[in-house]
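Have a look at the structure below before the remarks.
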Amino acid sequence: MSQTSTAGERDSHRAISGKTTVVGLIGWPVSHSISPPMHNAAFAALGLDWCYVPLPVPPERIGAAVAGLPALGLRGANVTVPHKQAVMPYLDRLTDAAQAIGAVNTIAVEADGSLLGDNTDAPGFIADLRSHGVDPAGQRILVLGAGGSARAVVYGLAAAGAASITIANRTLDRAQALVAALQPQMAACPLHVCRHADGLPVVAGQADLIVNCTSLGMTPNTETSPWPDGLPFRAGQVVYDLVYNPPQTRLLQQAAQSGARAIGGLGMLIWQGAIAFERWTGAPPPIQPMTDAVTAIFAARG
Ligand SMILES: NC(=O)c1ccc[n+]([C@@H]2O[C@H](COP(=O)([O-])OP(=O)(O)OC[C@H]3O[C@@H](n4cnc5c(N)ncnc54)[C@H](OP(=O)(O)O)[C@@H]3O)[C@@H](O)[C@H]2O)c1
Numbered sequence: 039m040s041q042t043s044t045a046g047e048r049d050s051h052r053a054i055s056g057k058t059t060v061v062g063l064i065g066w067p068v069s070h071s072i073s074p075p076m077h078n079a080a081f082a083a084l085g086l087d088w089c090y091v092p093l094p095v096p097p098e099r100i101g102a103a104v105a106g107l108p109a110l111g112l113r114g115a116n117v118t119v120p121h122k123q124a125v126m127p128y129l130d131r132l133t134d135a136a137q138a139i140g141a142v143n144t145i146a147v148e149a150d151g152s153l154l155g156d157n158t159d160a161p162g163f164i165a166d167l168r169s170h171g172v173d174p175a176g177q178r179i180l181v182l183g184a185g186g187s188a189r190a191v192v193y194g195l196a197a198a199g200a201a202s203i204t205i206a207n208r209t210l211d212r213a214q215a216l217v218a219a220l221q222p223q224m225a226a227c228p229l230h231v232c233r234h235a236d237g238l239p240v241v242a243g244q245a246d247l248i249v250n251c252t253s254l255g256m257t258p259n260t261e262t263s264p265w266p267d268g269l270p271f272r273a274g275q276v277v278y279d280l281v282y283n284p285p286q287t288r289l290l291q292q293a294a295q296s297g298a299r300a301i302g303g304l305g306m307l308i309w310q311g312a313i314a315f316e317r318w319t320g321a322p323p324p325i326q327p328m329t330d331a332v333t334a335i336f337a338a339r340g
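Just so you know, the sequence shown maps onto residues 39 to 340 in the working numbering.
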């Protein structure tokens, strides 16, 4: 247990017994993830005899690890880098979201032992946007990046009724592949591409909402930003940065300085976990204790 664990989390660990229901996080590596303390705080807050453990799985063992979930009596697992696509062949069923996005971040072990793969990044992102009073319905949206998180974000935004989405990526082919994969299922929302970052001056002003799905700005490269210096934001634009480490990114500072509304990605992290929590436990997720646990970890990290 790290020095940043909360009192509730330590209590839940003290109570582990043969009756405790176990879920976990499959990744490689997973030692620095904040999902275990976040979920354990939620279990403690609801008095559930559950615990959430890191499950470090090297790539060559991923099939055996997934097949072992029901055998070991686990109720489910989250899946993170680098396994979000690799787990898919080992699952019995996929939700529409996981199928369309092409990645699984949540596995549920069903009552009959079968495995359901879901993706809670998309609804987690939309839930956090809405918790900030932002409804993507009818909005023109600019997404920076075309990697795994961009697929979930574009799917979520289009499903939530966005008017149009432009995907700006350094590697144009990757943005075009994203559009080719999602546009047929998202006919009501036109998807466009442009090159990041030289295409941004043309499209930036038209966007109501700008979402950063690149890794620019993430620790340790905190001085970087996906937004070109000197390119203004429009007053009233909303800028959402998926990067949550650090919570205050250079992009968010640029946005706030030019009068846009800046929202960081910690809330998405909490909501994607909260939706997985509800899928496994059937209980409404306790958002505030989860938020408190995550906030305490970042405060301790300084
Ligand atoms: N808040 C949350 O809950 C949440 C959830 C998921 C992810 N995230 C964060 O979102 C970020 C992206 O994650 P991901 O899984 O989508 O990563 P990914 O699949 O590796 O995609 C990375 C993206 O960043 C772009 N990029 C990387 N370096 C760049 C550079 N120097 N200049 C321009 N573009 C660059 C890549 O462009 P190319 O295609 O040209 O390489 C690609 O579009 C990470 O920081 C991750 O922590 C947050």
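Think of the CB as a built atom: it goes at the ideal place given N, C-alpha and C, for glycine as much as any other residue.
Please read these numbers as outputs of a predicted model, since none were measured by experiment.
{"Check": "Using CA atoms only, rank isn't needed, just tell me which of V240, A294, F336 is closest to N283.", "Outcome": "F336"}
{"Check": "Using alpha carbons as the reference points, say which of P228, P222, Q214 lies closest to I203.", "Outcome": "P228"}
{"Check": "Ordered along the chain, which non-local residues of its own chain (more than five positions away) have a Cβ less than 8 Å from that of S71?", "Outcome": "L63, G65, P92, T118"}
{"Check": "So, do the segment 171–181 and the segment 303–310 have three or more beta carbon pairs nearer to each other than 8 Å?", "Outcome": "no"}
{"Check": "Within the segment 163–224, note down every full alpha helix (DSSP H) run reaching 4 residues or more, in order along the chain.", "Outcome": "186–197, 210–220"}
{"Check": "Taking the alpha carbon of N116 as the point to measure from, which residue in C89, D134, A201, V172 has its own alpha carbon closest?", "Outcome": "C89"}
{"Check": "Tell me the residue span of the alpha helix (DSSP H) that contains R339.", "Outcome": "325–339"}
{"Check": "Please classify D236: is it buried, with 16 or more other beta-carbons within 10 angstroms of its beta-carbon, or exposed?", "Outcome": "exposed"}
{"Check": "Rounding to the nearest angstrom, what Cα-Cα distance links R288 and L86 in this structure?", "Outcome": "39 Å"}
{"Check": "With DSSP collapsed to three states, give me the class of A45.", "Outcome": "Its pLDDT being 49, under 50, A45 is placed unreliably by the model, and the measurement read from it follows with that caveat. Note: A45 maps to helix in three-state DSSP."}
{"Check": "What did DSSP end up calling L153 once you bin it into helix, strand or coil?", "Outcome": "strand"}
{"Check": "Taking only three categories from DSSP, how would you classify P311?", "Outcome": "The residue you asked about is not Pro; residue 311 is Gly in the sequence shown. Correct three-state label for G311: helix."}
{"Check": "Any chance the CB of N259 is under 6 Å from a heavy atom of ligand 1?", "Outcome": "no"}
{"Check": "Give the single residue among L304, P264, A146, F163 whose Cα lies nearest to the Cα of P108.", "Outcome": "A146"}
{"Check": "Taking all protein chains shown into account, do 16 or more other C-beta atoms lie within 10 angstroms of the C-beta of S187, making it buried, or fewer, making it exposed?", "Outcome": "buried"}
{"Check": "Could you tell me which of A201, R233, G320, G255 sits nearest to G303, measuring between CA atoms?", "Outcome": "G255"}
{"Check": "In whole angstroms, give me the CA-to-CA distance for R299 and Y193.", "Outcome": "23 Å"}
{"Check": "I need the straight-line Cα distance from P97 to R272, nearest angstrom please.", "Outcome": "44 Å"}
{"Check": "In whole angstroms, give me the CA-to-CA distance for P75 and M328.", "Outcome": "8 Å"}
{"Check": "Need the endpoints of the beta strand (DSSP E) that D279 sits in, please.", "Outcome": "276–279"}
{"Check": "Under 6 Å, CB to any heavy atom of ligand 1. Which residues pass, going along the chain?", "Outcome": "D159, G183, A184, G185, G186, S187, A188, N207, R208, T209, R212, H234, C251, T252, S253, L254, M256, L280, V281, Y282, G303, M306, L307, Q310"}
{"Check": "In the DSSP output, what is T59 paired with across the bridge?", "Outcome": "W88"}
{"Check": "Could you give the distance in angstroms between the alpha-carbon of A80 and the alpha-carbon of V240?", "Outcome": "44 Å"}
{"Check": "What is the DSSP secondary structure of P96, counted as helix, strand or coil?", "Outcome": "coil"}
{"Check": "Rounding to the nearest angstrom, what Cα-Cα distance links L216 and A184 in this structure?", "Outcome": "7 Å"}
{"Check": "With a Cβ-Cβ cutoff of 7 Å, do V191 and C251 count as a contact?", "Outcome": "yes"}
{"Check": "Here's the rule: buried if 16 or more other CB atoms are within 10 angstroms of the residue's CB, otherwise exposed. What is D166?", "Outcome": "buried"}
{"Check": "Look up A300 in the DSSP assignment and say whether it is helix, strand or coil.", "Outcome": "strand"}
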